[in-house]
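One structure below.
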Amino acid sequence: MAAIEAAAPSGADTGAGGTRGGGGGRRAPGAGTRRTRAARRDPEQHEAGEQDAVDDGSGADVTGTDRRARGRGTGSGRAKRDRRAGTRGRARRDTEDSERPADEDADVAPEPLADPEATARAICLRLLTGRARTRAQLADALRRREVPDEVAEYVLGRFTDVGLIDDTAFADAWVSTRHTGKGLARRALAQELRRRGVDAVVVDEAVARLEPEQELETARALVARRLPGTRGLDRDKRIRRLAGMLARKGYGEGLAVRVVREALDHEAEADENDDAAETPWRAWDGPA
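If you read the sequence shown in our numbering, its first letter stands for residue 9, the second for the next number, and so on.
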């Protein structure tokens, strides 16, 4: 019994030991478990963290890993602030641009041509290289390039004097080409020449060179080419469609209807002849 009492620690010692254990020796529940798990996951990082551990006054261990994590967080926050500042700067610039008057640049006067005459000559030569042009067409081109009017008139006059601009030749060639290629009649040809700025007298002279007989033959050829495509329609509808085609090409209504009816009559006559040729014929032998 005495041996047992001697071996047992006294109450004071136990309390003191308990106080020491509770004050400095005991760790917060779970702390050792967390460090153990961390050590299992990455032993080298855990050892480095244990060496750098400091007491921040709250009883929790602050490791080097925690400091690095906070450092990364601080850097990330700084980057976010920089991005927000950049966004605000761009927004201010966009606002300033939007508040700028829309016609601010439009008020700037164009620079005058260094040599207006040379510019006018170059423009005319370039346009005339591709195909013939009327004087009015070239004048419009010079006006769009802001060549002074007096310079444009002088250059156009010089080009006319040397034969590079010839509205009469242009009108004659236009009538011949468009009538042969497109089958246009005198009325449509005159409208096209006027739209290109050819003088009315020159237009009348050019279309007058197209003979009425030639115009009639062209109309007949146009109807003959389109006639087979209307065979499924009744006669009146065929007349309206073919006469409308001729009217769009500048032919008069009377001439158009006359040519179409003439073509339909020839077609019907040809069909009757073909039917008669296909009917079997037997010579009459007289009464049986």
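We put the CB at the ideal spot given by N, CA and C, even for glycine.
Alpha carbon to alpha carbon, how far is residue j from residue i? Give it in angstroms, no decimals.
i: residue 243; j: residue 170; result: 56 Å
i: residue 223; j: residue 176; result: 21 Å
i: residue 144; j: residue 227; result: 32 Å
i: residue 111; j: residue 137; result: Here the model assigns residue 111 a pLDDT of 42, short of 50, so the residue's position is not dependable, and the following value carries that caveat. Approximately 38 Å, taken between the alpha carbons.
i: residue 186; j: residue 197; result: 7 Å
i: residue 126; j: residue 251; result: 52 Å
i: residue 233; j: residue 195; result: 22 Å
i: residue 272; j: residue 165; result: 54 Å
i: residue 133; j: residue 274; result: 53 Å
i: residue 303; j: residue 152; result: The question about residue 303 has no answer, for the chain in this structure spans 9 to 296.
i: residue 156; j: residue 129; result: 13 Å
i: residue 204; j: residue 139; result: 14 Å
i: residue 236; j: residue 263; result: 20 Å
i: residue 231; j: residue 167; result: 43 Å
i: residue 218; j: residue 184; result: 8 Å
i: residue 221; j: residue 162; result: 43 Å
i: residue 229; j: residue 240; result: 20 Å
i: residue 225; j: residue 245; result: 23 Å
Using the rule of at least 16 other Cβ atoms within 10 Å of the residue's Cβ for burial, across every protein chain shown, is residue i buried or exposed?
i: residue 248; result: exposed
i: residue 216; result: exposed
i: residue 268; result: buried
i: residue 209; result: exposed
i: residue 59; result: With a pLDDT of only 45 at residue 59, under the threshold of 50, the placement of this residue in the model should not be trusted; the figure read from the coordinates follows. So residue 59 ends up on the exposed side.
i: residue 122; result: exposed
Can you look up residue i in the DSSP assignment and give me helix, strand or coil?
i: residue 137; result: helix
i: residue 257; result: coil
i: residue 175; result: helix
i: residue 224; result: helix
i: residue 320; result: Not covered by the structure: residue 320. The range shown for the chain is 9 to 296.
i: residue 192; result: coil
i: residue 273; result: helix
i: residue 154; result: coil
i: residue 122; result: coil
i: residue 237; result: helix
i: residue 207; result: coil
i: residue 163; result: helix
i: residue 278; result: helix
i: residue 268; result: helix
i: residue 217; result: coil
i: residue 169; result: helix
i: residue 242; result: coil
If I measure Cβ to Cβ from residue i and keep anything under 8 Å in the same chain, skipping five residues before and after, which residues do I get?
i: residue 15; result: Only weak support is given to the placement of residue 15: the predicted model assigns it a pLDDT of 42, under 50, and the value that follows is read from those uncertain coordinates. Contacts found: none.
i: residue 265; result: 247 and 251
i: residue 190; result: 257
i: residue 199; result: 258
i: residue 124; result: 155, 156 and 159
i: residue 2; result: Residue coverage of the chain in this structure runs from 9 to 296, which leaves residue 2 outside it and unanswerable.
i: residue 261; result: 251 and 255
Can you name, in chain order, every residue of its own chain whose Cβ lies under 7 Å from the Cβ of residue i, other than the five neighbours on each side?
i: residue 201; result: 179, 182, 211 and 214
i: residue 29; result: Reliability of the predicted coordinates at residue 29 is poor, the pLDDT of 40 falling under 50, and no value is obtained from them.
i: residue 193; result: 223, 257, 258 and 259
i: residue 131; result: 149, 150 and 153
i: residue 172; result: 136
i: residue 147; result: 160 and 164
i: residue 238; result: 246, 249 and 250
i: residue 105; result: Note on residue 105: pLDDT 47, under 50, position unreliable in the model; no value is reported.
Considering only residues of the same chain and omitting the five flanking positions on each side of residue i, which have a CB-CB separation below 6 Å?
i: residue 7; result: Because the chain is modelled from 9 through 296, residue 7 falls outside the range shown and cannot be assessed.
>> Could you check whether the region 253–260 touches the region 271–280, counting it as contact only if at least three pairs of C-beta atoms, one from each stretch, sit closer than 8 Å?
In response: Look at the beta carbons and you see the region 253–260 not touching the region 271–280: under three pairs across the two are nearer than 8 Å.
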